Amino acid sequence: MPGLLTSYNEIEIVAPNHRLDVATGEMERCYPAADFRVLELDEIAGKASPALSEQLGRLEMPLVIGLTGGMDSLLTLAASLPVSAKAEYYTYYSPDQERPVALRLGRLETKPPAGSRIAASWSWADRP
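For any residue, its number in my numbering is found by taking its place in the sequence shown, counting from 1, and adding 821.
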């Protein structure tokens, strides 16, 4: 689900860098215990995208990939291009602003134009 949303109004997510005390129901912010090296975006993409593409390519079942429009979704979308023929894409929308529901986007068709590395057009399906 995008953001802090869940399918149930009375259930909240445990946000990144938070921990949940199950006994009390309290959440508290926690921080990394070790320092980390800040990488440039190109370096991150150069390492993460091929690894994710390889992992997706090894899956034998059809892929169902959720997209939210965030940075993680952009990486996932780029990494899934080589295996897009066996992938279905979906996102969430909220018709009543209370309970999000899944929206099937369909299959991705890639058509790189001259001079462009990647160009994508959606084959929309099951649109409300």
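Ideal Cβ positions, reconstructed from N, Cα and C, are used throughout, including at glycine. From a predicted model like this one, the values you see are computed outputs, not experimental measurements.
* **Residue environment, isoleucine 832, which counts as buried when at least 16 other CB atoms sit within 10 Å** => Within 10 angstroms of the beta-carbon of isoleucine 832 lie fewer than 16 other beta-carbons, which makes it exposed.
* To do: Please report how far the alpha carbon of glutamate 911 lies from the alpha carbon of alanine 836, in whole angstroms.
  => Position check: residue 911 holds tyrosine in this sequence, whereas glutamate was assumed. Rounded to the nearest angstrom, the gap between the Cα atoms of tyrosine 911 and alanine 836 is 22 angstroms.
* Cβ shell of leucine 877 (< 7 angstroms), same chain only, five flanking positions each side left out -> Leu884, Ala900, Ser901 and Val904.
* May I have the straight-line CA-CA distance separating aspartate 842 from threonine 889, to the nearest angstrom? => If I take the Cα positions, the gap works out to 28 angstroms.
* Asked: Should glutamate 849 go down as buried or exposed, given a rule of 16 or more other Cβ atoms within 10 Å for buried?
  -> By the 10 Å Cβ count, glutamate 849 comes out exposed.
* Asked: What are the boundary residues of the beta strand (DSSP E) that glycine 887 is part of?
  -> It spans 884-887 - the beta strand (DSSP E) in which glycine 887 sits, taken as one unbroken run.
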